[in-house]
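*Asks:*
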Amino acid sequence: MRQPDPADFLPLKSDVLLIMLALTSRPLHGYGIIRDVEARSDGEVLLQTGALYRTLRRLLSDRFIEECDRPADETVTDDRRRYYRPTRLGQQVLEAEVARMSRLVRAARLTADGKRPRLA
Amino acid sequence: MIEALYRALLLLYPAEFRRRFGAEMLDTARALDASRRSRRSRAVIDALHTAVALRAEYRRERRFAFTENRHMPWDALRRDVIFAIRSLRREPAFALFVAATLALATGANAALFGIADRLLVRGPDHVRDAERVRRVYVTAQPPGMGQFTTAGVGHVTYDIVRRASSAEAAATYAINDGTTGRGAEAREIKIGYASASLFSLLGVQPAQGRFFADEEDSTTGAHRVAVISDGLWQRQFGRATDVLGRSLIINDDPYDIVGVAPSGFTGAELGRVDVWAPMNLLSARITNDWMRSWSAQWLSVIIRLRQGVDPDAASDELTTLFTRAYDGDEKHMREARVWTAGLGAADDGSEPAESRVVRWLSGVSLLVLLIACANVMNLLLARGARRARELGIRRALGASRLALLRMLVIESTLLSLIGAALGLLVAHVIGGAARNTLLSSIEWSSAPVDARVLLVSLVTATAMGVFVGVVPAIDVTRDALARALRSGVRGGSGRRLRLRAALTVVQSTLSVALLIGAGLFVRSVWNARHVDLGFDPDRVLVVEVSRASLAGLDTSARDTERARRRLFLAGVLDRVRGVPGVEGASVAVGLPFGNRFSVRITVPDLDALPQTGTGGPSISAVEPAYFRTMGTRLLRGRDFNPTDRAGSAPVAIISEFMARTVWPGRDPIGRCVRIGDPPGPCTTIVGVAENTHRARLVEAPKMHVYIPLGQEVGFGGAALLVRSTRDAESVAEGVRRELTTADATITFVATETLAERIDPQMRSWELGTSTLLFSGLLALVVSAVGIYSLLAYLVADRRHEIGVRLALGARVDHVAMIVVRWSIGMSLAGIAAGCLIAAALGTFMQPLLFQVSARDPMVFGSVAGVLLLVALAASLLPSLRAARVDPLEALRAE
Numbered sequence: 541m542r543q544p545d546p547a548d549f550l551p552l553k554s555d556v557l558l559i560m561l562a563l564t565s566r567p568l569h570g571y572g573i574i575r576d577v578e579a580r581s582d583g584e585v586l587l588q589t590g591a592l593y594r595t596l597r598r599l600l601s602d603r604f605i606e607e608c609d610r611p612a613d614e615t616v617t618d619d620r621r622r623y624y625r626p627t628r629l630g631q632q633v634l635e636a637e638v639a640r641m642s643r644l645v646r647a648a649r650l651t652a653d654g655k656r657p658r659l660a
Numbered sequence: 097m098i099e100a101l102y103r104a105l106l107l108l109y110p111a112e113f114r115r116r117f118g119a120e121m122l123d124t125a126r127a128l129d130a131s132r133r134s135r136r137s138r139a140v141i142d143a144l145h146t147a148v149a150l151r152a153e154y155r156r157e158r159r160f161a162f163t164e165n166r167h168m169p170w171d172a173l174r175r176d177v178i179f180a181i182r183s184l185r186r187e188p189a190f191a192l193f194v195a196a197t198l199a200l201a202t203g204a205n206a207a208l209f210g211i212a213d214r215l216l217v218r219g220p221d222h223v224r225d226a227e228r229v230r231r232v233y234v235t236a237q238p239p240g241m242g243q244f245t246t247a248g249v250g251h252v253t254y255d256i257v258r259r260a261s262s263a264e265a266a267a268t269y270a271i272n273d274g275t276t277g278r279g280a281e282a283r284e285i286k287i288g289y290a291s292a293s294l295f296s297l298l299g300v301q302p303a304q305g306r307f308f309a310d311e312e313d314s315t316t317g318a319h320r321v322a323v324i325s326d327g328l329w330q331r332q333f334g335r336a337t338d339v340l341g342r343s344l345i346i347n348d349d350p351y352d353i354v355g356v357a358p359s360g361f362t363g364a365e366l367g368r369v370d371v372w373a374p375m376n377l378l379s380a381r382i383t384n385d386w387m388r389s390w391s392a393q394w395l396s397v398i399i400r401l402r403q404g405v406d407p408d409a410a411s412d413e414l415t416t417l418f419t420r421a422y423d424g425d426e427k428h429m430r431e432a433r434v435w436t437a438g439l440g441a442a443d444d445g446s447e448p449a450e451s452r453v454v455r456w457l458s459g460v461s462l463l464v465l466l467i468a469c470a471n472v473m474n475l476l477l478a479r480g481a482r483r484a485r486e487l488g489i490r491r492a493l494g495a496s497r498l499a500l501l502r503m504l505v506i507e508s509t510l511l512s513l514i515g516a517a518l519g520l521l522v523a524h525v526i527g528g529a530a531r532n533t534l535l536s537s538i539e540w541s542s543a544p545v546d547a548r549v550l551l552v553s554l555v556t557a558t559a560m561g562v563f564v565g566v567v568p569a570i571d572v573t574r575d576a577l578a579r580a581l582r583s584g585v586r587g588g589s590g591r592r593l594r595l596r597a598a599l600t601v602v603q604s605t606l607s608v609a610l611l612i613g614a615g616l617f618v619r620s621v622w623n624a625r626h627v628d629l630g631f632d633p634d635r636v637l638v639v640e641v642s643r644a645s646l647a648g649l650d651t652s653a654r655d656t657e658r659a660r661r662r663l664f665l666a667g668v669l670d671r672v673r674g675v676p677g678v679e680g681a682s683v684a685v686g687l688p689f690g691n692r693f694s695v696r697i698t699v700p701d702l703d704a705l706p707q708t709g710t711g712g713p714s715i716s717a718v719e720p721a722y723f724r725t726m727g728t729r730l731l732r733g734r735d736f737n738p739t740d741r742a743g744s745a746p747v748a749i750i751s752e753f754m755a756r757t758v759w760p761g762r763d764p765i766g767r768c769v770r771i772g773d774p775p776g777p778c779t780t781i782v783g784v785a786e787n788t789h790r791a792r793l794v795e796a797p798k799m800h801v802y803i804p805l806g807q808e809v810g811f812g813g814a815a816l817l818v819r820s821t822r823d824a825e826s827v828a829e830g831v832r833r834e835l836t837t838a839d840a841t842i843t844f845v846a847t848e849t850l851a852e853r854i855d856p857q858m859r860s861w862e863l864g865t866s867t868l869l870f871s872g873l874l875a876l877v878v879s880a881v882g883i884y885s886l887l888a889y890l891v892a893d894r895r896h897e898i899g900v901r902l903a904l905g906a907r908v909d910h911v912a913m914i915v916v917r918w919s920i921g922m923s924l925a926g927i928a929a930g931c932l933i934a935a936a937l938g939t940f941m942q943p944l945l946f947q948v949s950a951r952d953p954m955v956f957g958s959v960a961g962v963l964l965l966v967a968l969a970a971s972l973l974p975s976l977r978a979a980r981v982d983p984l985e986a987l988r989a990e
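So the sequences go chain by chain: A and B.
Take the position in the first sequence, starting the count at 1, then add 540; the result is the number in our numbering.
Take the position in the second sequence, starting the count at 1, then add 96; the result is the number in our numbering.
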């Protein structure tokens, strides 16, 4: 099967972006993601359980993330907890999204400075 | 607390989702709750909202894509089946054609399986431990003849087998023609005269009443008891419950019905038997010393070997016992070998011709199935191309390739199951027809489609559906996504085209092979029908009469009546000749394809007759008009005339072969032979007649002697011969009426053309011809459709290219020729491969054919011609379509 083009999946929803960002640093379980996202957004975004897992399901079926073993440094050893990490595709999509957003931001700044923006 | 609430809320989620994430969610929800960062009301609202959203998502996915659903395979299967039905209904013509192809192929297969099952596998019904039950054969080499094997033995042999230590049991039987009822009610039936041991040996239980007992089959006083078949019970008694104890007229004698045999019971053979009666009743009608005679050889003997006894060891024992018991002085009888073979063997111990043909035909029907598979695959590939867009969209919507494969295979399986269901109808019709016309002598107890046929068809159809579905499905789902995104159906078709062309060539190949087989059989039948038998089989009717019993008359009255009856046929000849449509009539004892009487001939100035390798001379006693009636030519000398009769000077007419063998290069007319043992008076040869076949279609010429009717000694049993102006059957009714009015003691008049007597020997060829012809034509139609559909696809696929060519100035006829060339090329490949296969199989085929080479160039040539014509016809429409491509339109469509 051919490798999908990361650009096909853009733009990402903010929830997705935040979750993907949370997982890039290290594999996390559900509650870990919630805490990480909360911290990353300065307490602005508090994910709810249902919404989180609905998104996780979507990410799993799109093959952005995958399940992985519990990290060795994890202290809590609850068997029900499952850990997720981004796949190669997920990583690429995330990078593409970040690049896209930074281009947007740069364009926005140029516009604010009165210069002609160049997207892409 | 939150955990219980959340657990309850989770029940609202799609089950699949709950199984996957439920435990984690509980854990997360509890942790979130414990951290007190979120209010419970938010958690509940979120849980409810997610449940609704997820349900909607799952529903959408289910509608547009075939998600893998490992947890509910039946549910998924049901969905796929419903979907397959819907998608087939969108292309009813395609579905119908595929189903029809499969129906004909599986139908032919099922019908043949039913026949092969009976003939080759199962054998007669109601036989317990059938592998230990065997028929007894005697192989001997009489002087002047080749070695021959027969299942016809004498009661003496039965006595030997009965006493053998390797036998757990032995039984003897003879199946004869007879009549039931009297006068206009009379019907012909098959009577099985059997020793009482037959039933216990086979292990059959009566459906009602009992079989007869040993004491009812004793020589001292055989009882007139009868066991009727299920069929007769139905036909004659309408399944009356009080049939036991009723009386049944058999050959004009009353019998007490003591039992009803179970449905489908035919003894140790496959032919229909209507009534079973004690063996001694038959023997009482023949001669007094038949039980001790070594020359009475009209019984069949079967043996049940003791458990663990090797058939070869049993044969050795039987042979030893036979040699010890034989008290005659004929060398070949002392040296005869007694042996056994399974119940499926023919009367001469070999494999019956029908079995061999059926074995072949089973192979043929498999070929037909293969052709049908190739054809369906071909059509499925074409359909796949038409659906490329739909499949691509499904793929884009998230259906996995596996899901698409499954969907396509389920479609093809569904199609082949529909085909198989229709095929059972076809099997019913074909099987019924084959049984009634070609294998009518066999009792078919079960319907053409029984449980076994049903099971086999079901399994075949399912396997076939998967088999024909998988290859096209793999092909069309490959790159489905990418292909759908491009516009049009073009592109990436090279591989598929090659695959379809290969399939089409395979179809043509198999059709050619089948048609060649059919052609060879057709020629065989034609040759067999046109063998010069030395008489006209179609125009001569053989009439035999049954009469009222002589019981109840005293001895002198009985002798008078016997004498009157003997002369009756000759006396009634003039009246028969007056029947409209009758060209001539005669009377004879000893007919071709009827009773054969061997006779000893001595020639005064010769020590012994020359050995011919075809047996000693046989004899007939005939009335003067015999040769004219039969259509046998007299080559020399004179015919018999009315003055040649009982008491006049003994004269004879001999066969040409005998004249040539005994008096090579000399004139036999006027010479003297002595007939009989001890030799009779000098019989003067007055004529030479052309050779006639006596018993077989394939037969070396034999020595034969004709003497005038009335001069015969030691043999009898006259039949009336009627030659008609047109076909013999048409005068049967008139002759029958004339005979019954002329003599009130006649109870039944049996009529049969000579051709009908020969027919059983034609049967294996006819069976082969009709089946091969049917399957060959089916294959031809199927491959014509295959070629057509491929060419049509090709033209549609290359529209653009054709348009460009035409725009660049290509001539219309050249474009059309491209298509025709394709068609011819594929069929030439098929013809070449098919001819090679047929030629390779020729060696095996040869023994089944009659006077035609298995590599007959005429048959090969005409089949090749037919296939080329069909290929041309199939390319007609697509080539016209190619020629009519409008360059502008084709280019604009891109």
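Ideal placement from N, C-alpha and C gives every residue a C-beta, glycine not left out.
It should be emphasised that the depicted structure is a prediction, and the values quoted were computed from it without experimental measurement.
Looking only at its own chain, which residues have a Cβ that is under 8 angstroms from the Cβ of residue 677 of chain B, when we skip the five neighbours before and after it?
*Replies:* Taking the first residue of the second sequence as 1, we reach residue 677 of chain B at position 581. Correct list, in chain order: 820, 821, 822, 826, 827 and 830.
*Asks:* Which residue from B/442, B/866 and B/189 puts its Cα closest to that of residue 529 of chain B?
*Replies:* By one-based count along the second sequence, residue 529 of chain B stands at place 433. Answer by Cα proximity: B/866.
*Asks:* Over what stretch of residues does the alpha helix (DSSP H) that includes residue 339 of chain B continue unbroken?
*Replies:* For the purposes of this step, residue 339 of chain B is taken as the residue at position 243 of the second sequence. Run containing residue 339 of chain B: none; DSSP gives neither H nor E here.
*Asks:* Just how far apart, CA to CA, sit residue 735 of chain B and residue 337 of chain B?
*Replies:* On the second sequence, residue 735 of chain B is found 639 positions in, with the first residue counted as 1. On the second sequence, residue 337 of chain B is found 241 positions in, with the first residue counted as 1. About 60 angstroms.
*Asks:* Give me the subset of the segment 200-223 of chain B whose CB atoms are less than 7 angstroms from a CB atom of chain A, sorted by chain position.
*Replies:* Listed in sequence order: no entries.
*Asks:* By the criterion of Cβ-Cβ separation under 7 angstroms, what are the contact partners of residue 571 of chain B in chain A?
*Replies:* Within the second sequence, residue 571 of chain B is the residue found at index 475, counting from 1. Within chain A, no residue comes near residue 571 of chain B; the closest Cβ sits about 16 angstroms away, beyond 7 angstroms.
*Asks:* Just to confirm the assignment: which complete alpha helix (DSSP H) runs, minimum length 4, are found wholly within the segment 337-373 of chain B?
*Replies:* As far as the segment 337-373 of chain B is concerned, it has no whole alpha helix (DSSP H) run of at least 4 residues.
*Asks:* I need the DSSP call for residue 856 of chain B, collapsed to helix, strand or coil.
*Replies:* As a first step, residue 856 of chain B is located in the second sequence; it is residue number 760 there, counting from the start. Helix at residue 856 of chain B.
*Asks:* Looking at the strands, I want to know which residues DSSP matches up with residue 244 of chain B.
*Replies:* Mapped onto the second sequence, residue 244 of chain B falls at position 148. DSSP, once it has assigned bridges, lists B/236 as partnering residue 244 of chain B.
*Asks:* How would you write the range of the alpha helix (DSSP H) that residue 188 of chain B sits in, first residue to last?
*Replies:* For this step, residue 188 of chain B is matched to residue 92 along the second sequence. Residues 188-212.
*Asks:* Check residue 228 of chain B in the structure and name its three-state DSSP category.
*Replies:* Within the second sequence, the letter at position 132 stands for residue 228 of chain B. Of the three classes helix, strand and coil, the one that applies to residue 228 of chain B here is helix, per DSSP.
*Asks:* Compare the Cα-Cα distances from residue 985 of chain B to each of B/720, B/899, B/695 and B/603 and report the closest residue.
*Replies:* Locating residue 985 of chain B in the second sequence gives position 889, where the first residue counts as 1. Taking only the C-alpha atoms, the option nearest residue 985 of chain B is B/899.
*Asks:* Could you spell out the range, first to last residue, of the beta strand (DSSP E) harbouring residue 722 of chain B?
*Replies:* What you label residue 722 of chain B is simply residue 626 of the second sequence in a count that begins at 1. Run containing residue 722 of chain B: none in the beta strand (DSSP E); it sits in the alpha helix (DSSP H), 722-726.
*Asks:* Confirm, please, whether the CB-CB distance from residue 876 of chain B to residue 613 of chain B is below 7 angstroms.
*Replies:* Locating residue 613 of chain B in the second sequence gives position 517, counting from the first residue. Locating residue 876 of chain B in the second sequence gives position 780, counting from the first residue. No, the pair does not count as a contact, with Cβ atoms beyond the cut-off.
*Asks:* Does the beta carbon of residue 558 of chain A come closer than 7 angstroms to any beta carbon on chain B?
*Replies:* In the first sequence, counting from the first residue as 1, residue 558 of chain A sits at position 18. For residue 558 of chain A, the answer is no, since every Cβ of chain B falls outside 7 angstroms of its Cβ.
*Asks:* Please confirm if residue 496 of chain B has its CB atom under 7 angstroms from at least one CB of chain A.
*Replies:* Position 400 of the second sequence holds residue 496 of chain B. No, its Cβ sits nowhere closer than 7 angstroms to a Cβ of chain A.
*Asks:* Counting only runs that start and end within the segment 878-931 of chain B, where is the alpha helix (DSSP H) found for 4 or more residues in a row?
*Replies:* Entirely contained in the segment 878-931 of chain B, the alpha helix (DSSP H) runs reaching 4 residues are, in chain order, 895-903.
*Asks:* Consult DSSP for residue 145 of chain B and reduce its assignment to one of helix, strand or coil.
*Replies:* Against the second sequence, residue 145 of chain B aligns to sequence position 49. In this structure, residue 145 of chain B counts as helix in the three-state DSSP scheme.
*Asks:* Provide the residue span of the alpha helix (DSSP H) that contains residue 574 of chain A, from first to last.
*Replies:* As a first step, residue 574 of chain A must be located in the first sequence, where it is residue number 34. Counting along the chain, the alpha helix (DSSP H) containing residue 574 of chain A begins and ends at 570-580.
*Asks:* Measure the alpha-carbon distance for residue 636 of chain A versus residue 596 of chain A and round it to whole angstroms.
*Replies:* The residue labelled residue 636 of chain A in the question sits at position 96 within the first sequence. The residue labelled residue 596 of chain A in the question sits at position 56 within the first sequence. Cα-Cα distance, rounded: 20 angstroms.
*Asks:* Under a CB-based cut-off of 7 angstroms, is residue 564 of chain A close to chain B?
*Replies:* By 1-based counting over the first sequence, the position of residue 564 of chain A is 24. Chain B, which has no Cβ nearer than 7 angstroms to the Cβ of residue 564 of chain A, makes this no.
*Asks:* Just curious, the beta strand (DSSP E) that residue 844 of chain B is in, first and last residue?
*Replies:* For the purposes of this step, residue 844 of chain B is taken as the residue at position 748 of the second sequence. Element bounds for residue 844 of chain B: 842-849.
*Asks:* Taking buried to mean at least 16 other C-beta atoms within 10 Å of its own C-beta, is residue 414 of chain B buried or exposed?
*Replies:* Along the second sequence, read from residue 1 onward, the residue named residue 414 of chain B stands at position 318. Its Cβ being crowded by 16 or more others within 10 Å, residue 414 of chain B is buried.
*Asks:* Measuring only the C-alpha atoms, how far is residue 463 of chain B from residue 418 of chain B?
*Replies:* Residue 463 of chain B sits at position 367 when you count from the first residue of the second sequence. Residue 418 of chain B sits at position 322 when you count from the first residue of the second sequence. Straight-line Cα distance between these residues: approximately 48 angstroms.
*Asks:* Does any residue of chain A have a CB that is nearer than 7 angstroms to the CB of residue 123 of chain B?
*Replies:* Counting from 1 along the second sequence, the entry for residue 123 of chain B is found at position 27. Answer yes: the Cβ-Cβ gap between residue 123 of chain B and chain A drops below 7 angstroms somewhere.
*Asks:* For my contact list, residue 700 of chain B and residue 768 of chain B are in at a C-beta cut-off of 8 angstroms; report their separation, rounded to the angstrom.
*Replies:* One-based indexing of the second sequence puts residue 700 of chain B at position 604. One-based indexing of the second sequence puts residue 768 of chain B at position 672. Confirmed, about 6 angstroms.
*Asks:* Bridge partners of residue 608 of chain A, per DSSP?
*Replies:* Start at 1 with the first residue of the first sequence, and residue 608 of chain A comes out as number 68. Paired residues: A/623.
*Asks:* In whole angstroms, what separates the C-alpha of residue 653 of chain A from that of residue 641 of chain A?
*Replies:* Your numbering for residue 653 of chain A matches position 113 in the first sequence. Your numbering for residue 641 of chain A matches position 101 in the first sequence. One C-alpha to the other measures close to 18 angstroms.
*Asks:* Hey, would you say the C-beta of residue 275 of chain B is under 6 angstroms away from at least one heavy atom of the ligand ZN?
*Replies:* The ligand ZN is absent from the structure shown, which contains no ligand whatsoever.
*Asks:* So, does the CB of residue 903 of chain B fall closer than 7 angstroms to a CB anywhere in chain A?
*Replies:* In the second sequence, residue 903 of chain B corresponds to position 807, counting from 1. No, because no Cβ of chain A sits closer than 7 angstroms to the Cβ of residue 903 of chain B.
*Asks:* Looking at the structure shown, is residue 802 of chain B part of a helix, part of a strand, or coil, going by DSSP?
*Replies:* Walking along the second sequence from the start, residue 802 of chain B turns up at place 706. Residue 802 of chain B: strand per DSSP, three-state reduction.
*Asks:* Of all the options B/843, B/924, B/818 and B/516, which has the alpha carbon lying nearest to the alpha carbon of residue 672 of chain B?
*Replies:* Counted from its first residue, the second sequence places residue 672 of chain B at position 576. Closest option to residue 672 of chain B, Cα to Cα, is B/818.
*Asks:* Is the beta carbon of residue 737 of chain B closer than 7 angstroms to that of residue 760 of chain B?
*Replies:* Within the second sequence, numbered from 1, the residue matching residue 760 of chain B stands at position 664. Within the second sequence, numbered from 1, the residue matching residue 737 of chain B stands at position 641. Not a contact, by the Cβ cut-off of 7 angstroms.
*Asks:* If you draw a straight line from the alpha carbon of residue 165 of chain B to that of residue 498 of chain B, how long is it in whole angstroms?
*Replies:* Mapped onto the second sequence, residue 165 of chain B falls at position 69. Mapped onto the second sequence, residue 498 of chain B falls at position 402. Interpretation of residue 165 of chain B is limited by its pLDDT of 49, a score under 50 that renders its predicted location unreliable; the figure taken from the coordinates is listed afterwards. Whole-angstrom Cα-Cα distance: 11 angstroms.
*Asks:* Please state whether DSSP places residue 537 of chain B in a helix, a strand or coil.
*Replies:* Here residue 537 of chain B refers to the residue found at position 441 of the second sequence. The answer is coil: DSSP assigns residue 537 of chain B none of H, G, I, E or B.
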